[in-house]
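For this note's numbering, add 79 to where a residue sits in the sequence shown, where the first one is 1.
We put the beta carbon where it would ideally sit given N, CA and C, even for glycine.
Notes follow the structure.
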Amino acid sequence: MSESVRAGWRRHAAAGLLGWLLCASLPVAAADFEGTLAWARRVELGIPVAGVVAEVLVSDGERVAAGQPLLRLDRRPFAARLAQQRARLEQLVPAADEAQRELERAQELYDRTLLSDHELELARIAVARITAERHALEAEVELARIAYEQAELRAPFAALVVRRLAQPGLVVVNGLQATPLLVLADSEALLARAYVGEEALSGLRTGASVAVSVAGQGLSGEILHLGLEPEESDALTTGYRVDVRLPAGSAAGLRAGLRAVLQLP
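Take a look at the structure:
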């Protein structure tokens, strides 16, 4: 092989190596994935007690503060039950006090050898019995008070009323599962969700920044969740779920279900 041919091969190899190094040093272009917005925090609220809905205090689309009353059952049966248990407890208190005084008198007589061991033990048993009954009634009063409070449904966090499922007059009968009455979501905490293949998933990590485009608006979020197993996004598509958390405040005016484009690295 002539010297000129060898030089040509060397130039060709050097050019190829240089091209490979340049390509390796360039950043990998992000890939766009179709997705949708989803609520980061969405709850279906019910009431743990049975009764009749008396008031629904909110409407669809209304914003509510944490702890704000949302719905009330007719509380008259709960108030009556609470009053009944309190009356039983008040009736028992004098009897419990008298049993304690009887025990003290029996102890005094016993110390003076005027009372037998058996009679002293009977006085102790009487006090123990009425004390146990008193504690049981105190527990009944507390349960009735809790039921009275639970007949009013309050917002667990600042949220948006997504759906109102109850109307006044609805009979709530909770058996093995509570009846959903309201659906709330945290409107300031939205996720951009997409389903990707294993090739795209392999280069991702939680906490990484991701650009998201929604309704012509460019947002920047961070990866919150990477699926550990494939899920069905619809009847035809299966992939690993990727959730990107959008920063609080940036998602104002947006809603779940809107189309989003995620630029994943």
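Exposure of residue i, with buried meaning 16 or more beta-carbon neighbours within 10 Å
| i | result |
| --- | --- |
| S266 | buried |
| V252 | exposed |
| D354 | Any property of residue 354 remains undetermined from this structure, which presents the chain solely from 80 to 344. |
| G114 | buried |
| A226 | buried |
| G300 | buried |
| D322 | buried |
| Q256 | exposed |
| L136 | exposed |
| R324 | buried |
Secondary structure of residue i, DSSP reduced to three states
| i | result |
| --- | --- |
| A226 | helix |
| I204 | helix |
| F112 | strand |
| D196 | helix |
Separation of residue j from residue i, as counted between CA atoms
| i | j | result |
| --- | --- | --- |
| E134 | L150 | 6 Å |
| A294 | A339 | 8 Å |
| R233 | V131 | 17 Å |
| P127 | A245 | 15 Å |
| Q296 | A119 | 19 Å |
| L124 | A268 | 18 Å |
| L182 | L199 | 7 Å |
| T258 | A110 | 43 Å |
| Y319 | R167 | 60 Å |
| V172 | A223 | 19 Å |
| A145 | P235 | 6 Å |
| L216 | Q164 | 7 Å |
| F229 | E221 | Note on residue identity: the sequence assigns Gln, not Phe, to residue 229. Computed Cα separation, rounded: 12 Å. |
For residue j and residue i, believed in contact at Cβ under 8 Å, the rounded distance
| i | j | result |
| --- | --- | --- |
| L116 | L343 | In fact, because the Cβ distance is near 16 Å, the residues do not count as touching under 8 Å. |
| L263 | V240 | 6 Å |
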